[in-house]
Amino acid sequence: MPIAFNEPLSFLQRITEYMEHVYLIHKASNQPQTLERMQSVAAFAVSAVASQWERTGKPFNPLLGETYELIREDLGFRFISEQVSHHPPISAFYSEGLNQDFMFHGSIYPKLKFWGKSVEAEPRGTITLELLKHNEAYTWTNPTCCVHNVILGQLWIEQYGIVEILNHRTGDKCILHFKPCGLFGKELHRVEGYIQDKNRKKLFIIYGKWTECLWGIDPVSYESFKKHERRSDHPRKAKMDDGPEKANSDIPDDMTDDVPVAQETVQVIPGSKLLWRINSRPPNSAQMYNFTSFTVSLNELESGMEKTLPRTDCRLRPDIRGMENGNMDLASQEKERLEEKQREARKERAKEEAEWRTRWFYPGDNPYTGTPDWLYAGDYFERNFSDCPDIY
0 MPIAFNEPLS
10 FLQRITEYME
20 HVYLIHKASN
30 QPQTLERMQS
40 VAAFAVSAVA
50 SQWERTGKPF
60 NPLLGETYEL
70 IREDLGFRFI
80 SEQVSHHPPI
90 SAFYSEGLNQ
100 DFMFHGSIYP
110 KLKFWGKSVE
120 AEPRGTITLE
130 LLKHNEAYTW
140 TNPTCCVHNV
150 ILGQLWIEQY
160 GIVEILNHRT
170 GDKCILHFKP
180 CGLFGKELHR
190 VEGYIQDKNR
200 KKLFIIYGKW
210 TECLWGIDPV
220 SYESFKKHER
230 RSDHPRKAKM
240 DDGPEKANSD
250 IPDDMTDDVP
260 VAQETVQVIP
270 GSKLLWRINS
280 RPPNSAQMYN
290 FTSFTVSLNE
300 LESGMEKTLP
310 RTDCRLRPDI
320 RGMENGNMDL
330 ASQEKERLEE
340 KQREARKERA
350 KEEAEWRTRW
360 FYPGDNPYTG
370 TPDWLYAGDY
380 FERNFSDCPD
390 IY
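Last residue of the sequence shown: number 391 in numbering that gives the first Met the number 0, and the count goes up by one each step with no gaps.
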């Protein structure tokens, strides 16, 4: 892909953006009630994809062995990720609270599908959040992301699919429907769902937009409001129990030329409580790949940092650095050089029948779902980087 389609970040840095609203994890950890913890975890799961709004630039594919670390003492966490496989591409990550209140980890291997004018990325892989104080683990998978008009026209993004968050200790589940846009853009960005206990009794209703905010209300008040709305002859809204609508990728290509106009902001039902609101972006965000304030800082290389980072860290990657500095020719040349270097290294390993050895993660089974996962091996922050590979 020509470099003009990229944004100056690696996919490993894009994953780190899950942590922008980490305060929701701290909030969940401090909630005494199970239901309130699930509300904050659900808000965090939605907030984790919010930075993708209007982000039509493609992150750089990580090189095998590439890493990224982020320590934010002000936000109370540290984070490490590694590209553990090239074919198929798999990125593994691990984060922990600096006050030992949580562990957040997973592995992502996006499956790409091309639908003529659109590209769909299904983010396979399990995401796990452990709240250590409560001895609770939550698991889920992100919704599908689709970029439209990749051939011609203005690019636009939607997220759709069903996200199920399971509390493995209590059996409580949160089911969130990320609504596909639909023919007239009526459902664009909408998220609707509910929290239920292990007996499937609905405990809490959640609604909002992943680009804006998330609200919640008890089921009785919600049903009462909906009945009153129907009596007042308002147009029928999609019911919570409706199956997922036909995804936008199934709509004929000629129906998706235009960018759908976002409908009115979320209608707040009286008695609802705000679970999360998106951070406002910096005023010049549109000229900076629609990055958030959190994202803008991810590639910063502060003075003296090179001495503490492994040589595999994204911040030291020359093609991304070249693009960030506005030197597109250099960035393009470096990208080609790094890809060729990676191919040559693969050929050498094949010749010597040597297997690639990951450094910070190892393949295993997720301790809660039993599904294949990549688990953190530990010791990264001991900073023994002597045997890190030369990939740049």
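Don't be surprised by glycine CBs; every beta carbon is placed ideally from N, CA and C. None of the values given here were measured: they were computed from a predicted structure.
Between the Cα of residue i and those of the options, spot the shortest distance and give me the residue it belongs to.
{"i": "Gln158", "options": "Gln30, Glu191, Leu131 and Ile205", "result": "Glu191"}
{"i": "Tyr22", "options": "Leu63, Met304, Pro218 and Asn98", "result": "Asn98"}
{"i": "Ala376", "options": "Thr357, Asp389 and Phe43", "result": "Thr357"}
{"i": "Ala136", "options": "Asn365, Ser385 and Arg71", "result": "Asn365"}
{"i": "Pro362", "options": "Phe92, Leu69, Ala27 and Leu74", "result": "Phe92"}
{"i": "Glu121", "options": "Ser94, Gly96, Asn134 and Val162", "result": "Val162"}
{"i": "Thr307", "options": "Leu274, Glu381 and Phe360", "result": "Glu381"}
{"i": "Ser39", "options": "Glu339, Leu273, Arg345 and Ala353", "result": "Leu273"}
{"i": "Glu211", "options": "Lys197, His188, Ile205 and Arg230", "result": "His188"}
{"i": "Ile107", "options": "Leu130, Glu95, Ser80 and Val118", "result": "Ser80"}
Would residue i be called buried (16 or more neighbouring beta carbons within 10 Å of its own) or exposed?
{"i": "Val83", "result": "buried"}
{"i": "Gly242", "result": "Note that Gly242 scores a pLDDT of 35, beneath 50, so its modelled location is shaky and nothing firm can be said."}
{"i": "Trp209", "result": "buried"}
{"i": "Thr15", "result": "buried"}
{"i": "Ala3", "result": "exposed"}
{"i": "Met18", "result": "buried"}
{"i": "Glu347", "result": "exposed"}
{"i": "Leu337", "result": "buried"}
{"i": "Lys226", "result": "exposed"}
{"i": "Lys26", "result": "buried"}
{"i": "Asp171", "result": "buried"}
{"i": "Pro142", "result": "buried"}
{"i": "Phe113", "result": "exposed"}
{"i": "Asp378", "result": "exposed"}
{"i": "Arg199", "result": "exposed"}
{"i": "Arg13", "result": "buried"}
{"i": "Ala353", "result": "exposed"}
Excluding the 5 residues flanking residue i on each side, which residues of the same chain have their C-beta closer than 8 Å to its C-beta?
{"i": "Asp240", "result": "Low confidence applies here, because Asp240 scores a pLDDT of 37, under 50, leaving its location unreliable; read the following figure in that light. None."}
{"i": "Leu154", "result": "Thr55, Val146, His147 and Asn148"}
{"i": "Ile319", "result": "Pro7, Leu8, Ser9, Phe59, Asn298, Cys313 and Ala330"}
{"i": "Asp389", "result": "Arg310"}
{"i": "Ile156", "result": "Gln51, Trp52, Glu53, Arg54, Thr55, Cys144, Cys145, Val146 and His147"}
{"i": "Gln410", "result": "No answer is possible for residue 410: the residues shown for the chain start at 0 and end at 391."}
Sorted by chain position, which residues of the same chain lie with C-beta nearer than 6 Å to residue i's C-beta, five sequence neighbours on each side aside?
{"i": "Lys350", "result": "none"}
{"i": "Arg310", "result": "Cys387"}
{"i": "Ser385", "result": "none"}
{"i": "Phe293", "result": "Glu19"}
Using a C-beta cutoff of 9 Å, does residue i count as contacting chain C?
{"i": "Trp359", "result": "The question asks about chain C, but that chain is absent: this structure has only one protein chain."}
Please return the same chain residues whose Cβ sits closer than 7 Å to the Cβ of residue i, not counting the five positions on each side in sequence.
{"i": "Leu355", "result": "Looking at the sequence shown, residue 355 is not Leu but Trp. Only Leu63 and Arg348 meet the Cβ criterion."}
{"i": "Met287", "result": "Val295"}
{"i": "Lys300", "result": "The amino acid occupying residue 300 in the given sequence is Leu; Lys does not appear at that position. Only Arg314 meet the Cβ criterion."}
{"i": "Val267", "result": "Trp214"}
{"i": "Glu333", "result": "Pro317, Asp318 and Gly321"}
{"i": "Tyr367", "result": "Thr127, Ala136, Thr138 and His167"}
{"i": "Phe360", "result": "Glu81, Val83, Ala91, Trp373, Leu374, Tyr375 and Ala376"}
Write down every uninterrupted run of the beta strand (DSSP E) in the region 151-235 whose length is 3 residues or greater and which is fully enclosed by it, in chain order. 155-166, 172-177, 189-195, 201-208 and 212-216
For the region 13-89, which segments carrying the alpha helix (DSSP H) assignment without a break, of at least 4 residues, lie completely within its bounds, in sequence order? 22-29 and 33-46
Go through the region 355-386 residue by residue and report every complete run of the beta strand (DSSP E) that reaches 3 residues or more, in order. 360-364 and 371-375
How do the region 326-343 and the region 307-315 stand: do at least 3 beta-carbon pairs fall below 8 Å, yes or no? no
Any alpha helix (DSSP H) of 4 or more consecutive residues that is wholly inside the region 278-305: 292-295
Are there three or more Cβ pairs, one per stretch, closer than 8 Å when the region 47-65 is compared with the region 5-14? yes
Decide yes or no for the touch test of the region 31-41 against the region 71-85: beta carbon pairs closer than 8 Å, at least 3 of them. no
Mind the definition here: the region 126-143 touches the region 100-112 only if three or more C-beta pairs lie below 8 Å; say whether that holds. yes
Please determine if the region 279-291 and the region 206-220 are in contact, where contact requires at least 3 C-beta pairs separated by less than 8 Å. no
Give the list of continuous alpha helix (DSSP H) stretches no shorter than 4 residues that lie fully inside the region 325-356. 327-351
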